[in-house]
Structure formats: C-alpha cells, structure tokens
Amino acid sequence: MKIALISDVHANLEALEKVLRDIEKEGVEKIHFLGDAVGYGCDPNKCVRLINKHCDIKLLGNHDYAAMGLESLENFNYIAQTSIEWTQKKLTDKSIAMLADFDMSAVFLDYFLVHSSPGTPEDWDYILGVNEAEEQFSRFEESVCLVGHSHLPTIFAKKGENKTSIISKKAIELNKDTKYIVNVGSVGQPRDNDPRACYLIIDTELPKIYYKRVEYDVEKTQEKMRKAVLPDFLIDRIALGR
Amino acid sequence: MPEIVVKFDDKIIERVVSEKKRISIGRTGDNDIVLDNRGVSRKHAQIEFNGQAAVIIDNESLNGTFVNNRKITEELLRDGDSITIGKFTLTYYTEGKREESSAGLDGTMVLNTKKQRDLIQSDKLEKEIVQRMGGSVLLGEENCDFSEYRIDRDVTTIGKAKFVHIHARGFLLSGIQAKIVKEADQTAIVNLGRKSKTKVNGEQISKQMLKNGDIVQVGKSIFRYVEGSR
Numbered sequence: 004m005k006i007a008l009i010s011d012v013h014a015n016l017e018a019l020e021k022v023l024r025d026i027e028k029e030g031v032e033k034i035h036f037l038g039d040a041v042g043y044g045c046d047p048n049k050c051v052r053l054i055n056k057h058c059d060i061k062l063l064g065n066h067d068y069a070a071m072g073l074e075s076l077e078n079f080n081y082i083a084q085t086s087i088e089w090t091q092k093k094l095t096d097k098s099i100a101m102l103a104d105f106d107m108s109a110v111f112l113d114y115f116l117v118h119s120s121p122g123t124p125e126d127w128d129y130i131l132g133v134n135e136a137e138e139q140f141s142r143f144e145e146s147v148c149l150v151g152h153s154h155l156p157t158i159f160a161k162k163g164e165n166k167t168s169i170i171s172k173k174a175i176e177l178n179k180d181t182k183y184i185v186n187v188g189s190v191g192q193p194r195d196n197d198p199r200a201c202y203l204i205i206d207t208e209l210p211k212i213y214y215k216r217v218e219y220d221v222e223k224t225q226e227k228m229r230k231a232v233l234p235d236f237l238i239d240r241i242a243l244g245r
Numbered sequence: 011m012p013e014i015v016v017k018f019d020d021k022i023i024e025r026v027v028s029e030k031k032r033i034s035i036g037r038t039g040d041n042d043i044v045l046d047n048r049g050v051s052r053k054h055a056q057i058e059f060n061g062q063a064a065v066i067i068d069n070e071s072l073n074g075t076f077v078n079n080r081k082i083t084e085e086l087l088r089d090g091d092s093i094t095i096g097k098f099t100l101t102y103y104t105e106g107k108r109e110e111s112s113a114g115l116d117g118t119m120v121l122n123t124k125k126q127r128d129l130i131q132s133d134k135l136e137k138e139i140v141q142r143m144g145g146s147v148l149l150g151e152e153n154c155d156f157s158e159y160r161i162d163r164d165v166t167t168i169g170k171a172k173f174v175h176i177h178a179r180g181f182l183l184s185g186i187q188a189k190i191v192k193e194a195d196q197t198a199i200v201n202l203g204r205k206s207k208t209k210v211n212g213e214q215i216s217k218q219m220l221k222n223g224d225i226v227q228v229g230k231s232i233f234r235y236v237e238g239s240r
C-alpha cells in the first residue's frame, strides 16, 4: 500500500493542487497531512478545504493553531506574526470548524505522525540536527516518526544503541532494526534551496520511502501574494526555496 | 405584621415575619436574620419598630447598609424599601402576606428550605475554590473528568481531542469544540466546531463574554463558570 505524506502547505494553493494531482498519478491509497495548512500564503480557506477533503489523518501545525487564536503570537517572528494576523482576518468560520477537528498527533500502522516533535507536540520544537533527533527517538514507540515543521526533507536514523545519523538520500528502504525520524518536507514553502513542492511517499509493503518534488506555477502564487499585500520576504522565498 | 423578604442572587431564601420590637441582622448565628457571607459584619444592622414606624440602623458595619441603593446610617423604612447588605437584598413590607403571617413561638418565623441553604453554601464554596485556584474556574457539573478547571491561560481549549485543556464529551463534538479566551479584563467563550454546539445558559453561542455563574455546555459536558476577581 502506498501512502502520501504532505505537510506545511502554508496556504499555497498552486503547490497543493499540483501535489494532489501528482499523488493521484502515484496510485496512492491514503494521504496524511502533518500540519500547517495555513500561514504565509494567500489561500488559507481553499487549502484547508482541499486538505480536509483529500486527507485521511489531518494534523495541526503551529500556524494553524495560532490562526485559530489558540496561542499568543509572541513565539512567532515578526513576519510570521504579520502573516498569521492576515490569515486570522481571512479564515472563515467554516475553515476554523474544519481545523477544529484536526489532531495533534496520530498513529498509523507502525508510523507515528506529528507536526513538530513526538515528545511534546504542543511545544512546537524543531528537529533540525542529530542531537535534537537523538533526544526524540525515545519519545515514540513506533519504528518511524513522520514530521514536518522545519520544511527540510531530512531522514534521521538510529540503529540500536548507535548514534543518530542523517541519511541524505531521496529514497531508502526501511530496515527492521532501525528507527527513523523522517521530515517529509514542505509543499508550500520548501527551504532546502529547491523551490519545487516536496512530499513523501511510503510504500508500506517493502517498506520504503521516497521524496517527490513537483514543479508548480510559483509566479502565479507570488502575484497573488503581492495582491494580498503579504510581506516581500515571504513572496521572494518561495521562488528561492529557502 | 411587618415582613422582610431576604434574597440572594435574586432568589428568595428567607421570609421573616416578626412581632419583635427589634430585629438584628448580621453574619453570626445569634442574629434574628443571619446573612452568612463575607461582606456582612457580625452585627451588621438592626431594624427597630416603634408602633407603625420601622427604622433601620447600620451598626458602623465595614461594608455599609444601603436603602434603595443609598448608603444610610439610620433610615425610616417605607413599604417596599429595598435594603442591601453584602450580596443580600432585604425587602421590607409593612404587612406580610396573610398566609405567611403565622409567627412562630419566639415571634419570628423563618421559612427555609435545604435548597436555599445550599445556595449560600455553594457561594461560599465557590469563593473558597476561586481563592484556592487563584483565579477564575470552570466547575465540572455533568459529564466532566474533573470538578474544577482553572482558567488561567490566555486561551483554554475545550473539546474531544486528547491535547485540549478541558475534555468534553459528546458524539459529534470536535477535537477543539470551543476556546475560552482572556480579552482585556474579561473572559469570552468562542465556539469553533460546527457539528456540535456550545451553549451558555441554554442559548447556543458563537462568542459570548462569560459572567459569574454562567452555565457553559460543550457537547454533553456541563460546567459552571466562577469568576475569579470578585
């Protein structure tokens, strides 16, 4: 069975639509969403609706949580605050009601799904390096933890008592004796110097995982963001992929 | 015979019909009318009868005695006058109703039901809880995991999800069905989910400021809001 994992859409409708079309071609059985449907981009309501419609497991990200008014904006940088305040004005009651049914974490087969980190999901900690990953390996029972949040497609592996290592491959077969933390990358705002939308596919039979990159009309998104008067920094970064 | 109707939170808790020349009012049990609540002095005030005239005298109480919302030291009472002492309202009638005018042996008749006593008791308990919890609380009344929930965050979430602050029950309840938010010096409840409802005092709401004593219903769970800074 093939499963698609998407995360960090950030209200980028063009990227999400292209990714959903690509997923359709892959013959995927289920799509799970790891959070941050909104924030940064200019189509929060359409993205929430599409994610709600197409995804099976739907998780909340810190931007969704803040856009629903569940958290103070103090922990966000100035640009993120601006975009969340913009999103709060645009987000309809219907979208909020959909997000209200998104979860904070979920378990699917032998996979633990969470937006930020398995230890304390609501603290929104980043897993950026091996040290942070090392701390998190003991915090989930399953073999694989799938996360989003950093927008950096990364595979952390820990075999037995060995130190955590980073596997820099686009596709790997999962070993039975190894635990993994896999960041599935970002659909709407990649930050690994590749502006193409990123998502992950799991083939649960083998089992193996592989990233997919999908081109979308970045300029169209940028034009819409300009019209929406979102910060230039956010408009520029989606073309740069960082 | 004159009658004094004692109310607390707009509910009648006592009717006092007396033949006495003097009725004492205060917090301690040796008064003719016992108002067991903070804000009431031990010997707060007294009403003295002289023929047809009734005079209320404040005994230099800490929080004062008010007649028709005016602070008094000594005042002639007229039929229907409203006396406020602490959170209690006493209404003075020159003639009590016929059926309630049969005075007891000591000349004072007090009608008191368990429910009326409970009302004052629960107010005392609420104050204790608010003091102990250090702020506003939701008291779990029905289908709740706990009897007390502190409302001290900027945002408190209520719903079915594991991660919310207050778990509520109900079949169609959303993960986060509602949130309670601090807004300036007020507290508001906002409904978020659509398949189930949030109600305040039986009315479905999308957003409402909470007042002390409000009954909050989220799905099948029922809470009572007790304001902290009273």
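These protein sequence lines are chains A and B, in that order. Each residue of the first sequence is one higher than the last, beginning at 4 in our numbering. Each residue of the second sequence is one higher than the last, beginning at 11 in our numbering. Glycine included, C-beta positions come from ideal geometry on N, C-alpha and C. Since we're looking at a predicted model, the values are computed, not measured.
Cβ shell of A64 of chain B (< 8 Å), same chain only, five flanking positions each side left out: Sequence index remark: in the second sequence, residue 64 of chain B carries index 54 (1-based). The residues are P12, I57, E58, L86, L87, Y102, T104.
Whole-angstrom distance between S120 of chain A and D128 of chain A, CA atom to CA atom: Taking the first sequence and counting its residues from 1, one reaches residue 128 of chain A at position 125. Taking the first sequence and counting its residues from 1, one reaches residue 120 of chain A at position 117. Each residue's Cα considered, the two are about 6 Å apart.
Within-8 Å CB hit, F59 of chain B to chain A: Walking along the second sequence from the start, residue 59 of chain B turns up at place 49. No, F59 of chain B lies away from the interface with chain A (no Cβ there is under 8 Å from its Cβ).
At least 3 beta-carbon pairs within less than 8 Å: the region 146-159 of chain A vs the region 186-203 of chain A: yes
Exposure label - V228 of chain B; buried when at least 16 CB within 10 Å: Reading the second sequence from its first residue, position 218 is the one you call residue 228 of chain B. Buried is the call here.
N-terminal and C-terminal residue of the beta strand (DSSP E) that L182 of chain B is part of: The residue given as residue 182 of chain B occupies position 172 in the second sequence. Run containing L182 of chain B: none; DSSP gives neither H nor E here.
Check: S108 of chain A C-beta below 7 Å from any heavy atom of the ligand COA: As for the ligand COA, it is missing from this structure, which has no ligand bound.
Proximal chain A residues relative to T167 of chain B, where beta-carbon distance stays under 7 Å: One-based indexing of the second sequence puts residue 167 of chain B at position 157. Per Cβ cutoff of 7 Å: L73.
Same chain only: Cβ atoms within 8 Å of L243 of chain A, ignoring 5 sequence neighbours per side: Sequence index remark: in the first sequence, residue 243 of chain A carries index 240 (1-based). Around L243 of chain A: N196, P198.
Segment limits, beta strand (DSSP E) that includes V133 of chain A: Taking the first residue of the first sequence as position 1, residue 133 of chain A is located at position 130. No beta strand (DSSP E) holds V133 of chain A; the alpha helix (DSSP H) holding it covers 133-139.
C-alpha gap between V147 of chain A and E226 of chain A, whole angstroms: Residue 147 of chain A sits at position 144 when you count from the first residue of the first sequence. Residue 226 of chain A sits at position 223 when you count from the first residue of the first sequence. Taking the straight line from one Cα to the other gives about 39 Å.
Pairwise C-alpha distance: K137 of chain B and T167 of chain A: In the first sequence, residue 167 of chain A corresponds to position 164, counting from 1. In the second sequence, residue 137 of chain B corresponds to position 127, counting from 1. Those two C-alpha atoms are separated by around 54 Å.
Meets three-Cβ-pair contact criterion under 8 Å: the region 180-192 of chain B and the region 163-170 of chain B: yes
Closest Cα partner of V27 of chain B within the set B:R160, B:V16, B:S51, B:N153: Position 17 of the second sequence holds residue 27 of chain B. Nearest of B:R160, B:V16, B:S51, B:N153 to V27 of chain B, Cα basis: B:V16.
From B:S231, B:I67, B:K53, B:V236, residue whose alpha carbon lies closest to that of C154 of chain B: Here the question's residue 154 of chain B lines up with position 144 in the second sequence. Checked all of B:S231, B:I67, B:K53, B:V236; the closest Cα to C154 of chain B is B:S231.
R37 of chain B, buried or exposed, once every other Cβ within 10 Å from all chains shown has been counted against 16: Translated into positions along the second sequence, residue 37 of chain B becomes position 27. By the neighbour-count rule (16 or more Cβ atoms within 10 Å), R37 of chain B is buried.
Through-space distance from V41 of chain A to M71 of chain A, alpha-carbon basis: Start at 1 with the first residue of the first sequence, and residue 71 of chain A comes out as number 68. Start at 1 with the first residue of the first sequence, and residue 41 of chain A comes out as number 38. Cα to Cα, the separation comes out at about 10 Å.
9 Å Cβ cut-off: residues of chain A touching F173 of chain B: The residue given as residue 173 of chain B occupies position 163 in the second sequence. The contacting residues are L63, D106, M107, S108, P124, E125.
Option in A:A69, A:K211, A:L116, A:I82 with minimal Cα separation from I248 of chain A: This structure cannot speak to residue 248 of chain A, because chain A is shown only from 4 to 245.
Sub-8 Å separation of V174 of chain B and V236 of chain B beta-carbons: Walking along the second sequence from the start, residue 174 of chain B turns up at place 164. Walking along the second sequence from the start, residue 236 of chain B turns up at place 226. Their beta carbons are not under 8 Å apart, which means V174 of chain B does not touch V236 of chain B by this criterion.
Closer than 8 Å to chain A by CB, I186 of chain B: Walking along the second sequence from the start, residue 186 of chain B turns up at place 176. True, the Cβ-Cβ gap to chain A drops below 8 Å.
Boundaries of the alpha helix (DSSP H) in which I26 of chain A is found, first to last residue: Reading the first sequence from its first residue, position 23 is the one you call residue 26 of chain A. That run of the alpha helix (DSSP H) goes 16-28.
G212 of chain B classed as buried or exposed, judged by whether at least 16 other C-beta atoms fall within 10 angstroms: Counting from 1 along the second sequence, the entry for residue 212 of chain B is found at position 202. By the 10 Å Cβ count, G212 of chain B comes out exposed.
D126 of chain A classed as buried or exposed, judged by whether at least 16 other C-beta atoms fall within 10 angstroms: The sequence position of residue 126 of chain A within the first sequence is 123, counting from 1. Exposed: under 16 other Cβ atoms inside 10 Å.
Straight-line Cα distance separating R52 of chain B from T94 of chain B: In the second sequence, counting from the first residue as 1, residue 94 of chain B sits at position 84. In the second sequence, counting from the first residue as 1, residue 52 of chain B sits at position 42. Distance between the alpha carbons of T94 of chain B and R52 of chain B: 15 Å.
Cα-Cα separation, F115 of chain A to E88 of chain A: As a working note, residue 115 of chain A is residue 112 in the first sequence. As a working note, residue 88 of chain A is residue 85 in the first sequence. Answer to the nearest angstrom: the Cα atoms are 31 Å apart.
CB contact check: I99 of chain A to chain B, cutoff 8 Å: Mapped onto the first sequence, residue 99 of chain A falls at position 96. Judged by the 8 Å Cβ criterion, I99 of chain A is in contact with chain B.
Burial state of E109 of chain B (16 or more Cβ within 10 Å): Taking the second sequence and counting its residues from 1, one reaches residue 109 of chain B at position 99. Any reading at E109 of chain B must be qualified, since the residue scores a pLDDT of 42, below 50, and its modelled position is unreliable; the value itself is stated next. E109 of chain B is exposed by the Cβ-count criterion.
Any C-beta of chain B under 8 Å from that of A83 of chain A: Position 80 of the first sequence holds residue 83 of chain A. Not one chain B Cβ lies under 8 Å of A83 of chain A.
Test item: CB-CB of S10 of chain A and D46 of chain A under 8 Å: Residue mapping note: residue 10 of chain A aligns to position 7 of the first sequence, counting from 1. Residue mapping note: residue 46 of chain A aligns to position 43 of the first sequence, counting from 1. Cβ distance not < 8 Å, so S10 of chain A and D46 of chain A don't count as in contact.
Test item: CB-CB of E77 of chain A and V110 of chain A under 8 Å: The residue given as residue 77 of chain A occupies position 74 in the first sequence. The residue given as residue 110 of chain A occupies position 107 in the first sequence. No, Cβ-Cβ distance for E77 of chain A and V110 of chain A is not below 8 Å.
Cβ neighbours of V77 of chain B in the same chain (closer than 6 Å, five flanking residues each side left out): One-based indexing of the second sequence puts residue 77 of chain B at position 67. Excluding sequence neighbours, V77 of chain B sits near E85, D91, I93.
Between the CA atoms of I82 of chain B and V50 of chain B - distance to the nearest angstrom: Locating residue 50 of chain B in the second sequence gives position 40, where the first residue counts as 1. Locating residue 82 of chain B in the second sequence gives position 72, where the first residue counts as 1. Cα-Cα distance, rounded: 15 Å.
Assumed close pair C58 of chain A, V12 of chain A - CB separation to whole angstroms, cut-off 8 Å: Your numbering for residue 58 of chain A matches position 55 in the first sequence. Your numbering for residue 12 of chain A matches position 9 in the first sequence. Going by Cβ atoms, the distance from C58 of chain A to V12 of chain A rounds to 10 Å, so no, they are not a contact pair.
Residue of A:M101, A:R240, A:Y202 minimising C-alpha distance to V31 of chain A: As a working mapping, residue 31 of chain A is identified with position 28 in the first sequence. Cα-wise, what sits closest to V31 of chain A is A:Y202.
Delimiting residues of the beta strand (DSSP E) encompassing F59 of chain B: Taking the second sequence and counting its residues from 1, the one referred to as residue 59 of chain B is at position 49. Counting along the chain, the beta strand (DSSP E) containing F59 of chain B begins and ends at 55-60.
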